[in-house]
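Notes to accompany the following structure.
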Amino acid sequence: MARGSRFAIALTVTVALTGTLVTIAETAASAPAGAALPGTTMPLQEFVNNGLNGRTWNAYDQTTTSAGPDIAGRPSPIAYGPTVHVYARANNGDLMEFINDGFGGRPWNAYDLTEITGGPTIAADPDAAFFGAIVHVYAEASNGDLIEFVNDGAGGRLWNSYDLTQIAGGPALGGDATPLISGTTDQVFARSSSGDLVEYTNDGVGGHLWNAYDLTQLAASVQVAGDPNSVEIGSVDQVFAEATGGDLVEFTNGGAGSQVWTASDLTAATKGPTVTGRPSPVVASGVIDVFARASTGILTEFSANGSGGDLWNSYGLTTSSGPTVAGDPSAITVGSTIHVYAEATGGDLTEFYNAGSGQAFTTSDVSADAGGPGIGGSPGALLYGASSIHVYAGGPPPASPPTGVGLYGLSPGAQTSQAIEDNWPIIGDTGALGTQSAPYTGFNLGADLATGQAIEASGKRVTWLSFWTVSGPVSSNSDGSACYTSACYYSAAYGAGQYVATTIDSYASSGLGLKPDWVILDPEGFPDDHSGLDSGPGSSNANWSSFLTGWANGLASIDSGLHPAFYSDQYEYNTFDLASIQLPAFVAIAFPGPTNILENPSNNIAGFIAFGATCPAGSEEQTLANPPWAGSYNTLQFAGGQYCGP
Amino acid sequence: MGGALGGHRRAGTTIERARTGLGLGILTAVVALAAGCSSPAANHSATTTVRGKAPPRATTTTTTTTTVPPTTVPTVQGTSVQIHITGSTATVDFASSSVSGSLSPEPGSFSQGGIVYTFTVSGVQYSGSPSTTTATGGLITSVVVSSGSGGATIAVTLLSPQSHATYGLGHNEVGVSFS
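Protein chains in written order, with this note's numbering: chain L, 1 to 646; chain U, 647 to 825.
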């Protein structure tokens, strides 16, 4: 290995915990405390239990080492001979491969597989596995298609990409894909954009190498609300996911390649908690253990250990002496022991491990032990060799801007300055209206710069939300007519993102030293029905995904330091699977009496944008400070140009 | 080269499960294209666009808004619409409570020798008295918002004749600019 040998060392344990059964809790409608919002890009951190520097764990910033990009989301590591390959989504949406190959005299190098393959950008976290000696990496493309990146050398090119959704005629995805490869059988599980659990597999049925199956239908079971994860025991496939409603469900088939699927509700069977996010299953000593974050933040183990006469039992691994967790766990086995890694509430990478099947779990603060950074997303863990553990995650997260309830839609100038003086912690503005031709935004600039100038002049740290209305591709065809394909939506938003990033970067020439905390696409431009996304030929999950991903990538292509986000109403959030978008969401509600119709809110909701507020605003502030509207970055918009202090 | 399958190894034990009574579904394979090494998915190329004209940035316009007191019922309060004029650009913000759907400015027309431009905005219910904002120092001298069939009617009076109007659109906001 390029950075010298890494040797096994006994792990430090600090806190002894006992397993306890936990109860069901209500699902929150916003990001869990301590978790960075989806889409936040950070350096790739590597934590290794190599025992160097007099401590068990050490941390390395492999973005810096490789001169590569920051990443978003969960990395996926694999051991490739003597090297480690880590796959992750770059800040511009490209699939990156980080390798400690020592090439060019640099211990780690970063390779852009989207660029190398001429493939698409990706909109969710990738997951890698071996197919023989070939690496297969699966990810959801910006338009929702399942993409396979393979180092197959086909066509004289080492890496190639294949659109399995197109090849199999399968559904678009709504999140992370996870492969399960056994021999020559390659199965990829994911949540479809409609919420069903789906499987893509190379079974050759019907003369087609790849086919797609709807496991929710095959099992006559529930839809899923989160990303699945899988494991194989014997020849039986086990797929676990958060069901709509939060119960942990297990889908299992009749054997490898079998399309006879059944499903079980493990939350109900164990009287355990509801869960959020992507579970992590392992097989240790012949027993399946599934780790998931309970809705309360408690890391929970669902174990098929048969204890007490029940096949499945659940245990809360977090007690009063241990941390709750903020993201998805990643579990591995080392011999008969299980090691689970997760971002603790507060941001430290934390290890939960037991001494063997049935034993109590203990915890260790890996970030603290490594003297390293906190993390801002879910980790990916890898056992390298017999006992060397490598854990990869994005981190440290950027400092969070002030949270609370602020204002949106003020008149630029004196009113905005007054709001800042009055200590509203968040100010939102309209950067521009949508236009009928490219770049599909930019009408009536000025308010955004004025907001930034008012914030800077105040000397206060105020959260700055910059909303930009972007029209759909109403004149994107060569003859000037509308084009409502996903590619056109992507391109329209990409160009808008470039235009907006260029505009924001130009503020410095006006003497402004700040940039918005989030740059938010508001799809309420031309044509009618919200940039054509709510009805008519442009209305589809794929177009929403493409539009929002194009926005993020367009911004990043000009200024990777900007933070993209999007705006929607509750209907759109429900109807177009916007809970699966890996960007912060600002969701519209209206006073008086905002009604919660959100069906499956995910942790991508950064805040609620409330219209129709009136002065005095105390009661409305209180409404936004409590569930179900307790977002981190909420704003009120006063009706009719009113203004009042908090 | 090569490596272990990690978490995808076959384990030696198959666990028998008690199921929760969920039946078997019908196999619904969705098939289409023959498999193999297809060409890669379309790469999203960046589209860099250049704006034809810089947006108006004049800030010297002064504006005055008056709303005719309602004389009949029902009316929408004057504060349900806000009009802003900056040089050659005007924006009209409708109160969310008066927005009945997705706003959409319809094609308008010039009259009085290009001095007045009138257009309708659909997706909004404006049944109150006309709201007028005047300005000096810029191309637009006044904007009047009034009730109209199918929405609100906006009449923009200009200092000098114009022949081309462009629209902007946001959540509850419509803009018009002249060149």
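Built from N, CA and C at the ideal position, the CB exists for glycine as well.
Neighbourhood of G759(U) by C-beta distance below 6 Å, restricted to the same chain and skipping five residues each side:
Within the same chain, G759(U) has close Cβ partners P807.
Continuous beta strand (DSSP E) assignments of at least 3 residues falling wholly in the segment 284–363 of chain L
Whole beta strand (DSSP E) segments, 3+ residues: 287–294, 299–303, 313–316, 330–334, 337–343, 349–354.
How big is the Cα-Cα spacing for A492(L) and S557(L)?
The C-alpha of A492(L) lies about 14 Å from the C-alpha of S557(L).
What are the residues of the segment 761–777 of chain U that lie near chain L, defined by any Cβ-Cβ distance shorter than 9 Å?
Per Cβ criterion, the list reads S768, G769.
Can you tell me whether D125(L) is buried or exposed? The criterion is at least 16 other CB atoms within 10 Å of its CB, across all chains shown.
D125(L) should be labelled buried.
In angstroms, rounded to a whole number, what distance separates the CA positions of A447(L) and G431(L)?
In this model, A447(L) and G431(L) are separated by some 6 Å (Cα to Cα).
Answer yes or no: does any C-beta atom of chain L fall closer than 9 Å to that of Q728(U)?
Q728(U) counts as touching chain L.
Using the three-state DSSP reduction, which class does Q436(L) fall into: helix, strand or coil?
Three-state DSSP puts Q436(L) in coil, outside helix and strand.
Report all residues from its chain with a CB closer than 6 Å to the CB of T812(U); omit the five preceding and five following residues, and keep chain order.
By the criterion of a C-beta distance shorter than 6 Å, T812(U) is surrounded in its chain by S823, once the five residues flanking it on both sides are discounted.
Of the listed residues Q436(L), V474(L), S378(L), nearest to A36(L) (C-alpha basis):
Closest option to A36(L), Cα to Cα, is S378(L).
Which of the residues in the segment 69–100 of chain L, read from start to end, lie with their CB under 7 Å from any CB of chain U?
The segment 69–100 of chain L vs chain U, Cβ under 7 Å: I78, A79, Y80, G81.
N-terminal and C-terminal residue of the beta strand (DSSP E) that E232(L) is part of:
It spans 229–233 - the beta strand (DSSP E) in which E232(L) sits, taken as one unbroken run.
So which residues of chain U does T575(L) contact, with C-beta pairs closer than 7 Å?
Per Cβ cutoff of 7 Å: no residues; T575(L) is ~15 Å from chain U at best.
Determine the chain U residues that contact D247(L) at a beta-carbon separation under 9 Å, and present them in chain order.
The CB of D247(L) never comes closer than 9 Å to any CB in chain U; the least such distance is about 11 Å.
Cβ atoms of V820(U) and V738(U): under 9 Å apart, would you say?
Contact flag set, yes.
Taking DSSP's pairing of strands, which residues face F130(L) in a bridge?
Answer is V135(L), bridged to F130(L).
Whole runs of the alpha helix (DSSP H) within the segment 357–408 of chain L, excluding any shorter than 4 residues:
366–370, all fully within the segment 357–408 of chain L.
Helix, strand or coil at E621(L) [DSSP, three-state]:
Reduced to three states, the DSSP call for E621(L) is helix.
Per DSSP, the bridge partner or partners of Y200(L):
Y200(L) is bridged to V188(L), A212(L).
Do A168(L) and N160(L) come within 9 Å of each other at the CB atom, strictly closer than that value?
In this structure, A168(L) does not lie closer than 9 Å to N160(L) by Cβ.
Tell me, please, whether the CB atom of A811(U) is closer than 9 Å to any CB atom in chain L?
Not an interface residue.
Measure the CB-CB distance between T363(L) and G322(L) and report whether it falls below 9 Å.
Yes. Within cutoff.
With 8 Å as the limit, tell me which residues of the segment 454–479 of chain L have their beta carbon closer than that to any beta carbon of chain U; keep them in chain order.
The segment 454–479 of chain L vs chain U, Cβ under 8 Å: T469, S471.
Under 9 Å between C-beta atoms, does T184(L) make it to chain U?
Not flagged as an interface residue toward chain U: T184(L), since no C-beta distance is shorter than 9 Å.
Amino acids of chain U, ordered along the chain, whose beta-carbon sits closer than 9 Å to that of L158(L)
Chain U residues near L158(L): none, gap ~13 Å exceeds 9 Å.
Run down chain L in chain order and give the residues with a C-beta less than 7 Å from the C-beta of T737(U).
Neighbours of T737(U) on chain L, chain order: N444.
Euclidean distance between Cα positions of E456(L) and T502(L):
Distance from the CA atom of E456(L) to the CA atom of T502(L), rounded to whole angstroms, is 20 Å.
For S264(L), which residues of its own chain have a beta-carbon under 6 Å away from its beta-carbon, when the five flanking residues on both sides are left out?
In its chain, beyond the 5 residues on either side, E250 have a beta carbon closer than 6 Å to the beta carbon of S264(L).
Assuming S726(U) and A741(U) are in contact, meaning their beta carbons sit under 8 Å apart, how far apart are those beta carbons, in whole angstroms?
Rounded, the Cβ-Cβ distance is 4 Å, consistent with contact.
Please state the DSSP three-state secondary structure of A501(L).
A501(L) falls in the helix class under three-state DSSP.
Take Y484(L) and list the residues in its own chain whose beta-carbon comes closer than 8 Å to its own, dropping the five residues that flank it on each side.
Counting only Cβ-Cβ distances below 8 Å, and skipping sequence neighbours, we find G472, P473, G532, G536, P537, G538, N543.
List the DSSP bridge partners of N253(L).
Note: N253(L) sits in a beta bridge opposite W261(L).
Please report the distance separating the alpha-carbon of F302(L) from that of G309(L).
Between the alpha carbons of F302(L) and G309(L) lies a gap of roughly 15 Å.
Using beta-carbon positions only, say whether G246(L) and T216(L) come within less than 9 Å of one another.
Taking 9 Å as the cut-off, the beta carbon of G246(L) is found no closer than this to the beta carbon of T216(L).
How far does the alpha helix (DSSP H) with N553(L) in it reach, from first residue to last?
For N553(L), the uninterrupted alpha helix (DSSP H) run begins and ends at 541–558, by DSSP.
Can you tell me whether V260(L) is buried or exposed, with buried defined as 16 or more other CB within 10 angstroms of its CB?
Under this definition V260(L) is an exposed residue.
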